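Take -5 as the starting number for the sequence shown in the numbering used here and just add one per residue.
We treat Cβ as the ideally placed atom computed from N, Cα and C, and that holds for glycine.
On a predicted model such as this, the values are computed, not experimentally measured, just so you know.
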Amino acid sequence: MSSVTGIAQHYFTDMKEISSEEIVFRREVRKLCEMNTCGNYGKNWTCPPAVEPIDAFRDRFGLFDTLLVVYRVYHVKSSFDWNGMKAGMSDFKDRLLDVKKEMEAADPHFDFIVLGAGACHLCDPCAYVDEEPCRNPEDAIVSLEACGIDVMRLMKDHGMKYYNGKNTVTYVGGILYNKSQNN
Ligand code: SF4
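This is how it looks when you write it as structure tokens:
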């Protein structure tokens, strides 16, 4: 399998590897989801309350030694440019899915998890609202926040810039994998 960073660098402007042991899970992040400022709480299979409890994510993440944090900075017209932000988010989600598919094609046996930003956008609306099963569970990407990870804190704690200047938005995702098996 090609190196994970080698594949990811075609899709993201910036990235940094951290040990999965350094990932901090916070219940308060779930509480923020419950406040539903993004409007996706209870409306998407990749968001709470549909996703696993935080402890289950912690256990699953423990199967991997490395988190490659990937991010990309998008320019928008102003801090009210919702369409620009939406377009950037959509592009970022497409890139995450593309990187996932390229990694799967490179080695179908390599174990990894791609983590995203925001709710899965593959169907509109998500099947969750109609109480139907997810239509594409293989490609539905759960966000870092839905797992209970404070993204701003993660970036700050590891020397990555979340704020990249006026009229920009930064979207962040990650790839969990075993570096020891990716030489
Ligand atoms: S693939 Fe469709 S049904 Fe599944 S989580 Fe994404 S939007 Fe919802």
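Would the C-beta of R24 count as close to ligand 1, meaning under 7 Å from any of its heavy atoms? Not one heavy atom of ligand 1 falls within 7 Å of the beta-carbon of R24.
Is Y35 a contact residue of ligand 1, with contact defined as CB to any heavy atom under 7 Å? No, ligand 1 has no heavy atom inside 7 Å of this Cβ.
Considering only heavy atoms of ligand 1, does any lie closer than 7 Å to the CB of L116? The nearest non-hydrogen atom of ligand 1 is less than 7 Å from the C-beta of L116.
Within 10 angstroms of the Cβ of Y157, are there 16 or more other Cβ atoms? Answer buried if so, exposed if not. Around the CB of Y157, fewer than 16 other CB atoms lie within 10 Å, so the residue is classed as exposed.
Let's test the definition: count the other Cβ atoms within 10 Å of the Cβ of L57 and tell me whether it reaches 16, buried, or not, exposed. With fewer than 16 Cβ atoms within 10 Å of its Cβ, L57 is classed as exposed.
Under 8 Å, with one C-beta from each stretch per pair, do the stretch 73 to 90 and the stretch 10 to 30 reach the 3-pair mark? Touching, no.
Distance between R24 and M149 (C-alpha atoms, nearest Å): For M149 and R24, the distance between alpha carbons rounds to 18 Å.
Residue(s) in a DSSP beta bridge with L109: Partner(s): G168.
Host alpha helix (DSSP H) of K25 (start-end): Counting along the chain, the alpha helix (DSSP H) containing K25 begins and ends at 21 to 29.
Opening and closing residue of the beta strand (DSSP E) in which D8 lies: Element bounds for D8: 8 to 13.
How long is the line joining the alpha carbons of H103 and S72, rounded to whole angstroms? Straight-line Cα distance between these residues: approximately 44 Å.
By a C-beta neighbour count over all protein chains shown, 10 Å radius and 16 as the cutoff for buried, is F74 buried or exposed? Around the beta carbon of F74, fewer than 16 other beta carbons sit within 10 angstroms, so the residue counts as exposed.
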